[in-house]
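**Q** In this note's numbering, the protein residues as written are 9 to 364. Each residue gets a CB set at the ideal place from its N, CA and C atoms; glycine is no exception. Given the structure is predicted, the values throughout are model-derived calculations rather than measurements. Pasting a structure below so you can have a look.
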Ligand SMILES: [Fe+2]
């Protein structure tokens, strides 16, 4: 059922409070013509309720000539803020930017964070924001996992479907997403609940098998056939399988950029209210699909850019591919066993997986 304006306002107030918005703070709401006007409105109103100095920065939309589809993650790095010095200056004055456009993977976002701004991405529809309203407990679990990932040297993934993947980690930072941005220079995404890092350059190797039912973003579709990806020296070198393999390879090749085949962020989901099955219940245009990315015990890998991590790979194609029933190991210790989160410090008491 739709979320009403009053509930939406209360939700924004809750999340902005968690993001430490108060009367000492300035909040910018970044929006464009494709932003959900309800979200921009609620962010403005809720920030005022908390006494903050709030303002909006509205930019005309831009479209890259070679971009396909309307998903916000289908063509990344190039945003309405790219090259827009005046807007960048306006946003630089804010303690917190509520991003309803999706600056993710853009050099401008990296620059804003470096300068100390906090950024909270909010693009999902109100009903998903409500179901995945962040809590301090989300932060506790994700932070506990992030502490382990920060110390790890070796990241392995296995599955009965055939995944045998390994890489070294530690070269790039660990990013935790729990749904609010309360610290200087922090980026987060409401809703979320997962963590990730990037493989050390050139170390990712093995096989990743996308099984039937795993989700491929930005297609926003469940794989109907197995796809085997051979990975060598940090890059996908071969696609094998049926239609899904051919479709995925063809799509990635349309970018005509060898960097799209690099393995990008890798991590696991820790959000028990995110559901693997949710994707089938929403129109493709109304959600970017956070459920699929964050569901509890999923292994999420991706391809393409690493600019968020401070790397130089600024490629426009970014695939996010969450796999079910994988085991994820850090230095040989299981974080996830066949899709079930193992460490007690990441556990949700009483959580039961839906039948899959
Ligand atoms: Fe991603």
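To test your reading of the DSSP string, which unbroken beta strand (DSSP E) runs of 3 or more residues are found completely within the segment 199 to 250?
**A** 202 to 205, 213 to 218, 235 to 240, 243 to 249
**Q** With distances taken from CA atoms, which of 41, 180, 133 is nearest residue 314?
**A** 180
**Q** Across which residues does DSSP place residue 303 in a beta bridge pair?
**A** 279
**Q** Answer yes or no: the CB of residue 196 versus the heavy atoms of ligand 1, is any distance below 7 Å?
**A** no
**Q** For residue 242, which residues in the same chain have their Cβ closer than 7 Å to its Cβ, ignoring the five residues on either side in sequence?
**A** 207, 209, 210, 211, 212, 270, 271
**Q** Hey, which unbroken runs of the beta strand (DSSP E) at 3 residues or more fall wholly within the segment 135 to 208?
**A** 162 to 167, 172 to 176, 183 to 185, 195 to 197, 202 to 205
**Q** Taking the alpha carbon of residue 29 as the point to measure from, which residue in 308, 224, 127, 10 has its own alpha carbon closest?
**A** 127
**Q** On the DSSP letters alone, give me the boundaries of the beta strand (DSSP E) that residue 328 sits inside.
**A** 327 to 331
**Q** Is the segment 49 to 59 close to the segment 81 to 94, with three or more CB pairs under 8 Å?
**A** no
**Q** Shortest alpha-carbon distance to residue 267 belongs to which of 341, 321, 149?
**A** 321
**Q** Contact between the segment 92 to 108 and the segment 157 to 165: three or more CB pairs below 8 Å?
**A** no
**Q** Regarding residue 273 and ligand 1, is the C-beta to nearest heavy atom distance less than 7 Å?
**A** yes
**Q** So, helix, strand or coil for residue 274, using DSSP?
**A** strand
**Q** Where do the ends of the beta strand (DSSP E) carrying residue 292 lie?
**A** Counting along the chain, residue 292 falls outside any beta strand (DSSP E), and DSSP gives it neither H nor E.
**Q** The alpha helix (DSSP H) that contains residue 16, what's its start and end?
**A** 13 to 26
**Q** Pull up the distance between the alpha-carbon of residue 92 and that of residue 333, whole angstroms please.
**A** 44 Å
**Q** For residue 326, count the other beta carbons within 10 Å of its own beta carbon; 16 or more makes it buried, fewer makes it exposed. Which is it?
**A** Burial call: buried.
**Q** Roughly how many angstroms lie between the CA atoms of residue 422 and residue 290, to the nearest whole one?
**A** Because the chain is modelled from 9 through 364, residue 422 falls outside the range shown and cannot be assessed.
**Q** Could you give the C-beta distance for residue 153 and residue 343, rounded to a whole number, given that I count them as a contact under 8 Å?
**A** Indeed, because the Cβ distance is near 7 Å, the residues count as touching under 8 Å.
**Q** Is the separation between the beta-carbon of residue 312 and that of residue 323 shorter than 8 Å?
**A** Taking 8 Å as the Cβ cut-off, residue 312 and residue 323 qualify as a contacting pair.
**Q** Quick one: using the 10 Å Cβ neighbour count with 16 as the cut-off for buried, is residue 39 buried or exposed?
**A** buried
**Q** In the DSSP assignment, find the unbroken beta strand (DSSP E) run with residue 55 in it and report its ends.
**A** Not the beta strand (DSSP E): residue 55 falls in the alpha helix (DSSP H), residues 45 to 57.
**Q** Looking at residue 130 and residue 106, is the spacing between their C-beta atoms short of 8 Å?
**A** yes
**Q** Thinking residue 240 and residue 220 are a contact (beta carbons under 8 Å), I'd like their distance in whole angstroms, please.
**A** Actually they are not in contact, since the Cβ atoms of residue 240 and residue 220 sit about 25 Å apart, beyond 8 Å.
**Q** What do you get for residue 301, buried or exposed, if any count of 16 or more other CB atoms within 10 angstroms of its CB means buried?
**A** buried
**Q** Measuring from each Cβ to the nearest heavy atom of ligand 1, keep the ones under 5 Å and list them in chain order.
**A** 310, 328
**Q** For the segment 80 to 113, list the alpha helix (DSSP H) runs that are entirely contained and at least 4 residues long, ordered along the chain.
**A** 93 to 100
**Q** How many Å lie between residue 182 and residue 316 at the Cα?
**A** 11 Å
**Q** Do you know how far the Cα of residue 297 is from the Cα of residue 133?
**A** 10 Å
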